[in-house]
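Novice:
Protein chains in written order, with the working numbering: chain A, -7 to 104; chain B, 13 to 124.
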């Protein structure tokens, strides 16, 4: 079955440090990849998406992600985090334009 | 601005009562979805509808019902048959083609 794995349920980091949130998906010939962010008691907001073209995707709030087909990964990165980045982050994959499959989420906690 | 509106944001009910959560969108999207979110479990699909007057069960449909009489509206009823209804419920719509979802702000249901 198709699946998405977010390896870390929680990632603690100090402010201004770099961060990487990991996402792996089960292999498929055609995928669309997404990262969403969720602040407490709110809906999900799209951070960035990979549909085709350049494997390095830039999103909002200084985040970027790299599509790696050989490793079936789509890790999210930010070179310097802020307190305001504290939130839950979800990786999601669409296989052959079917409905999205979500990972279980990674809680990013930024400390001063 | 176009978007998805969910109401109410917070809802309390007694055991044995049915409750209906509202979801309205003005994005002109054909597909709409309901997800349930519990801590540490990510998003689980309850029901989805790809066109008016048609809907399909998701992964956890038992104890829930939906209707899709208008393109803009996709209400979810949490029935008394749902064994553990306390959760955060998210409605979303699909722009079509890639699986990208647009989310509402969510409704938090607490059963007392």
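C-beta atoms are modelled at their ideal positions from N, C-alpha and C, and glycine is treated no differently.
This one's a predicted model, so the numbers in the text were calculated from it and none came from an experiment.
1. For the stretch 38 to 68 of chain A, which segments carrying the beta strand (DSSP E) assignment without a break, of at least 3 residues, lie completely within its bounds, in sequence order?
2. Could you tell me which residues DSSP puts in a beta bridge with residue 28 of chain A?
3. So, using beta-carbon positions, are residue 92 of chain B and residue 27 of chain B closer together than 9 angstroms?
4. Going along chain B, which residues have a C-beta under 9 angstroms from residue 38 of chain A?
5. Measure the alpha-carbon distance for residue -1 of chain A versus residue 23 of chain A and round it to whole angstroms.
6. Going by other Cβ atoms of all chains shown within 10 Å of its Cβ, with 16 needed for buried, is residue 16 of chain A buried or exposed?
7. Among A:56, A:83, A:37 and A:76, which residue has its Cα nearest to the Cα of residue 98 of chain A?
8. Using the rule of at least 16 other Cβ atoms within 10 Å of the residue's Cβ for burial, across every protein chain shown, is residue 29 of chain A buried or exposed?
9. For residue -6 of chain A versus residue 73 of chain A, is the C-beta distance shorter than 9 angstroms?
10. Do the stretch 55 to 74 of chain A and the stretch 68 to 88 of chain B touch if we need at least three Cβ pairs shorter than 8 angstroms?
11. Can you confirm whether residue 16 of chain A, when its beta carbon is compared against all beta carbons of chain B, has any partner nearer than 9 angstroms?
12. Against residue 91 of chain A, what residues of chain B qualify as contacts under a CB-to-CB distance less than 7 angstroms, listed in chain order?
13. So for residue 42 of chain B, helix, strand or coil by DSSP?
14. Using a C-beta cutoff of 9 angstroms, does residue 100 of chain A count as contacting chain B?
Specialist: In short:
1. 48 to 50 and 56 to 60
2. Taking the first residue of the first chain as 1, we reach residue 28 of chain A at position 36. Paired residue(s): A:38 and A:82.
3. Position 80 of the second chain holds residue 92 of chain B. Position 15 of the second chain holds residue 27 of chain B. Their beta carbons are under 9 angstroms apart, which means residue 92 of chain B touches residue 27 of chain B by this criterion.
4. Counting from 1 along the first chain, the entry for residue 38 of chain A is found at position 46. Simply 112, 113, 114 and 115.
5. Counting from one through the first chain, the residue named residue -1 of chain A turns up at place 7. Counting from one through the first chain, the residue named residue 23 of chain A turns up at place 31. Going by the C-alpha atoms only, they are around 19 angstroms apart.
6. Counting from one through the first chain, the residue named residue 16 of chain A turns up at place 24. Looking at its Cβ environment, which holds 16 or more other Cβ atoms inside 10 Å, residue 16 of chain A is buried.
7. As a first step, residue 98 of chain A is located in the first chain; it is residue number 106 there, counting from the start. It is A:83.
8. Within the first chain, residue 29 of chain A is the residue found at index 37, counting from 1. With 16 or more other Cβ atoms within 10 Å, it is buried.
9. By 1-based counting over the first chain, the position of residue -6 of chain A is 2. By 1-based counting over the first chain, the position of residue 73 of chain A is 81. Result no, Cβ atoms of residue -6 of chain A and residue 73 of chain A do not sit closer than 9 angstroms.
10. no
11. The count along the first chain starts at 1 and reaches residue 16 of chain A at position 24. Judged by the 9 angstroms Cβ criterion, residue 16 of chain A is not in contact with chain B.
12. In the first chain, the residue the question calls residue 91 of chain A occupies position 99. Simply 60 and 111.
13. For the purposes of this step, residue 42 of chain B is taken as the residue at position 30 of the second chain. Coil at residue 42 of chain B, not helix or strand.
14. Counting from 1 along the first chain, the entry for residue 100 of chain A is found at position 108. So, not an interface residue.
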